[in-house]
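Take the sequence shown: its position 201, counting from 1, is numbered 204 in the numbering used here, and each next residue is one higher.
Notes follow once the structure below has been shown.
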Amino acid sequence: MADQVTSPRDSGPSAGDGLFAAFGERVDRQLAADGARPSLAGCRGLFGELARSGTVTETVHRLLRRAVEAGHRHRVAGFDGGSFVLARGSGWSLTLRATVPSLPENLLVTSAADYMLAVPSGARDGGSMECFDRPAGNRPDLLAPAARLTPRGRHLLRPGQVFTLSADSQVALLTASGRGLVHLVFAADPHLSYRFAYDRATLRPVRMISTDGTASRLTYTVRLLAACRRPSSLPVLRSLAGHPSREVRWEAIRAVHRIDPAAGRQLLHDAAHDPHPEVRQAAVQALVPKSQAPA
Numbered sequence: 004m005a006d007q008v009t010s011p012r013d014s015g016p017s018a019g020d021g022l023f024a025a026f027g028e029r030v031d032r033q034l035a036a037d038g039a040r041p042s043l044a045g046c047r048g049l050f051g052e053l054a055r056s057g058t059v060t061e062t063v064h065r066l067l068r069r070a071v072e073a074g075h076r077h078r079v080a081g082f083d084g085g086s087f088v089l090a091r092g093s094g095w096s097l098t099l100r101a102t103v104p105s106l107p108e109n110l111l112v113t114s115a116a117d118y119m120l121a122v123p124s125g126a127r128d129g130g131s132m133e134c135f136d137r138p139a140g141n142r143p144d145l146l147a148p149a150a151r152l153t154p155r156g157r158h159l160l161r162p163g164q165v166f167t168l169s170a171d172s173q174v175a176l177l178t179a180s181g182r183g184l185v186h187l188v189f190a191a192d193p194h195l196s197y198r199f200a201y202d203r204a205t206l207r208p209v210r211m212i213s214t215d216g217t218a219s220r221l222t223y224t225v226r227l228l229a230a231c232r233r234p235s236s237l238p239v240l241r242s243l244a245g246h247p248s249r250e251v252r253w254e255a256i257r258a259v260h261r262i263d264p265a266a267g268r269q270l271l272h273d274a275a276h277d278p279h280p281e282v283r284q285a286a287v288q289a290l291v292p293k294s295q296a297p298a
């Protein structure tokens, strides 16, 4: 549960520069021992031990200094989309992140993966987790404007404590008072196809964000093919009309219709029975003659 926070306790000395590699080896052994359905929940104790280790902060400092010393002409090893990757294994990652208090926090964004978060022992300050329950019963691939988050209050997070979150049912925001806060995030690989952005004032969803980079690139490529209007593109576009991603499916149908209206209309008839309600609705609306469309 998102409001479960463990109390810090002393732990033994860490392994210095090999600290995160050793953590990764222990996690992999634990997940392998869990059998067919490994879960990060069984590694909570290992993550808590890491967060409470007295040398985590200094080890991180050394890693970051080395990254900076590599110079501006070189790619910073371990940097990935705003996070500094400390260790990675099959189905999980351990990253270092920082809050940015200067940015306006008008949105709450859900996670695509279950995770644990901790401010390492040795940090000067902790943080505060603002917690919400996600609407129950909603499809994970459909934006429901009437759905709202349910506030669950704030929880203090002291250095060495562990905070856990289930991406399916919860959303939380880490804040720090007056300055950025460095923290560790131990996350499973994403299992949700979309993240949702909620307005903090109304707690209603305002945007869906695809977590599938491949689908996003395909959608953009399909738009380019449609703009070229080459009939030679029709076979591949027809095949994409059956893609698992509803964005790709719909963009492919639109592209076919732009190049060959007759073939596109047949795909629209098929899409009227699409498993996703937004695709069905869009297809039905597209099939309505313009003379009968509402003004």
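Just so you know, even glycine gets a beta-carbon here, dropped at the ideal spot from N, CA and C.
Q) So Leu-177 packs on Pro-123, CB below 8 Å; how close in whole Å? A) Here residue 177 refers to the residue found at position 174 of the sequence shown. Here residue 123 refers to the residue found at position 120 of the sequence shown. The pair is not a contact, with the Cβ atoms about 14 Å apart (cut-off 8 Å).
Q: Less than 8 Å between the CB atoms is what I'm expecting for Ser-172 and Arg-137, so what's the real figure, rounded?
A: Along the sequence shown, one-based indexing puts residue 172 at 169. Along the sequence shown, one-based indexing puts residue 137 at 134. Contact flag correct, Cβ pair sits at about 5 Å.
Q. If you compare alpha carbons, which of Ala-191, Leu-34, Ala-115 is closest to Phe-199?
A. Taking the sequence shown and counting its residues from 1, one reaches residue 199 at position 196. Closest option to Phe-199, Cα to Cα, is Ala-115.
Q | Residue environment, Cys-134, which counts as buried when at least 16 other CB atoms sit within 10 Å | A | Taking the sequence shown and counting its residues from 1, one reaches residue 134 at position 131. It is buried - the Cβ of Cys-134 has at least 16 other Cβ atoms within 10 Å.
(Q) Runs of 3 residues minimum, wholly inside the region 248-296: which ones carry the beta strand (DSSP E) assignment? (A) Segments of the beta strand (DSSP E) lying fully in the region 248-296: there are none.
Q: Please classify Ser-105: does DSSP put it in a helix, a strand, or coil?
A: Translated into positions along the sequence shown, residue 105 becomes position 102. Residue placement at Ser-105 cannot be trusted, given a pLDDT of 49 that sits under 50; the coordinates are not used to answer.
**Q.** Beta-carbon contacts of Leu-228 that lie in its chain and below 7 Å, excluding the five residues immediately before and after
**A.** If you number the sequence shown from 1, residue 228 lands on position 225. Within the same chain, Leu-228 has close Cβ partners Ser-236, Leu-240, Ala-258.
Q: Output yes or no for whether 8 Å exceeds the beta carbon distance between Thr-58 and Leu-111.
A: Locating residue 58 in the sequence shown gives position 55, where the first residue counts as 1. Locating residue 111 in the sequence shown gives position 108, where the first residue counts as 1. No, these two residues do not count as a Cβ contact at 8 Å.
Q: Would you kindly report the start and end of the unbroken alpha helix (DSSP H) that includes Ser-242?
A: Position 239 of the sequence shown holds residue 242. Per DSSP, Ser-242 belongs to the alpha helix (DSSP H) from 237-243.
Q.
For Arg-207 and Pro-148, what's the separation of their Cα atoms in angstroms?
A. Counting from one through the sequence shown, the residue named residue 207 turns up at place 204. Counting from one through the sequence shown, the residue named residue 148 turns up at place 145. Arg-207 and Pro-148 have their C-alpha atoms roughly 6 Å apart.
Q) What separation, rounded to the nearest whole angstrom, lies between the Cα atoms of Ala-121 and Gly-163? A) As a position in the sequence shown, residue 121 is number 118, starting the count at 1. As a position in the sequence shown, residue 163 is number 160, starting the count at 1. Spanning the two alpha carbons is a distance of roughly 6 Å.
Q: Just confirm the distance between the C-beta atoms of Leu-221 and Leu-195, as a whole number of angstroms; I'd bet it's less than 8 Å.
A: Here residue 221 refers to the residue found at position 218 when the sequence shown is read from its first residue. Here residue 195 refers to the residue found at position 192 when the sequence shown is read from its first residue. The C-beta separation of Leu-221 from Leu-195 comes to about 19 Å, leaving the pair out of contact by the 8 Å criterion.
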